[in-house]
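First comes the structure, then the notes that go with it.
Protein chains in written order, with this note's numbering: chain F, -1 to 185; chain R, -1 to 185.
The structure is reproduced here in structure tokens:
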């Protein structure tokens, strides 16, 4: 096996998703994932701490995108707009990977241990977005409430995007979810 | 040991919290919890499925309170008001147990496996509240967004309540958090 592994991480992620879909998360071993991806198990553990992390490879990048967009939003942008646009921007990274995202979401929904990990990642994302809002001068409890509204819109928008057979962009679904909350807050 | 155990569940919960605080979650066994609570390990497992559930004994009741309050809210109540008051009502069950709630929150925050379980419980609570809103005729994505705003207000309000040394009721903190979101949505 070559030391240099082009897209080894991507191969491991796809192999894990395939195996979790075919035979279930609990029945799959890291050795099987490594074998199917054409790497050693040692290489697997150099990239991912456990059997769950392999399905969350994009979460660090997602958080970076959201935080940067909140920090860099125009100074006069309202906090909810800054957060909404940050998550709409983060959505663009997923637009081209709808089929992968849908299969991944199905495996996560069917596996409590993956659900728990996903919720922990979303909580970290929420806390990072809240910290970015506080950097913009937004005080508590507003910063935490607005940050979580952004994560909610991302989650709810994602579910609508996956469930729909239309070719509507995820970013539109995210904006719609946030607009629905705004409309309810105005009642 | 008597077959009839007055408040055996409460004793097990308190014993678990004491042990998790003293020696850590990972280092504590169900046998130790049972021993300190004065019950057999078999009795422990009749009440709780694992080492985590013992700290979530109130979650089913909390969900019941929230769902009932949303369903029973006046027909003309706005969804966000119905949800906000449901969580303010749920808060009243905790008002008398602030010291216990604070110690429990500290153990959960220090233990990733407990954090994950807590997030799963809050997600279930959110989904139940969203279903109750749909029963009231609220459509998606509004129902999910409003339900999650209620859970957010409960979580953010809870953190403010625990952190504060004032004698302010949790219900007030929950209402304040939701009011902050409303104010941001109006910008």
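Glycine included, each C-beta is placed from N, C-alpha and C at the ideal position.
Legend entry - Cα-Cα separation between residue 58(R) and residue 85(F), rounded to whole angstroms: 32 Å
Inset, instruction - Output the distance between the C-alpha atoms of residue 159(R) and residue 172(R), rounded to the nearest integer angstrom. - result: Rounded to the nearest angstrom, the two C-alpha atoms are 9 Å apart.
Inset, instruction - Identify every run of the beta strand (DSSP E) within the region 38 to 63 of chain F, keeping only runs that are complete inside it and at least 3 residues long; order them along the chain. - result: Positions of the beta strand (DSSP E) runs, each at least 3 residues long and wholly inside the region 38 to 63 of chain F, cannot be given because no such run exists.
Inset, instruction - Report the three-state DSSP secondary structure of residue 16(F) (helix, strand or coil). - result: helix
Inset, instruction - Determine which residues of the region 123 to 150 of chain R have a Cβ less than 7 Å from any Cβ of chain F, and write them out in chain order. - result: Answer set for the region 123 to 150 of chain R: 139, 140, 142, 143, 144, 146, 147 and 150.
Legend entry - Three-way DSSP call (helix, strand, coil) for residue 170(F) in this model: helix
Inset, instruction - Find the nearest neighbour of residue 181(F) within the set 137(R), 112(R) and 8(R), judged by alpha-carbon distance. - result: 137(R)
Legend entry - Cα-Cα separation between residue 99(F) and residue 183(F), rounded to whole angstroms: 31 Å
Inset, instruction - Excluding the 5 residues preceding and the 5 following residue 69(F) in the sequence, name in chain order all residues of the same chain whose CB lies nearer than 8 Å to its CB. - result: 130, 133 and 134
Inset, instruction - Please decide whether residue 84(F) counts as near chain R, where near means a Cβ-Cβ distance under 8 Å. - result: no
Legend entry - Positions along the region 91 to 115 of chain R whose CB lies within less than 8 Å of some CB in chain F: 110, 113, 114 and 115
Inset, instruction - With 7 Å as the C-beta to C-beta threshold (strictly closer), list the residues of the region 155 to 180 of chain F near chain R in chain order. - result: 158, 174, 175, 178, 179 and 180
Legend entry - C-alpha distance - residue 175(R) paired with residue 146(F), whole-angstrom precision: Answer to the nearest angstrom: the Cα atoms are 12 Å apart.
Inset, instruction - Please list the segments of the beta strand (DSSP E) lying wholly inside the region 75 to 132 of chain F, counting only runs of 3 or more residues, in order along the chain. - result: none
Legend entry - CA-to-CA distance, residue 141(R) to residue 103(F), given in whole angstroms: Between residue 103(F) and residue 141(R), the C-alpha separation is close to 21 Å.
Legend entry - Alpha carbon of residue 60(R) to alpha carbon of residue 95(F), nearest angstrom: Answer to the nearest angstrom: the Cα atoms are 38 Å apart.
Legend entry - Rounded distance between the beta-carbons of residue 120(R) and residue 64(R), thought under 8 Å: In fact, because the Cβ distance is near 11 Å, the residues do not count as touching under 8 Å.
Legend entry - residue 90(R) classed as buried or exposed, judged by whether at least 16 other C-beta atoms fall within 10 angstroms: exposed
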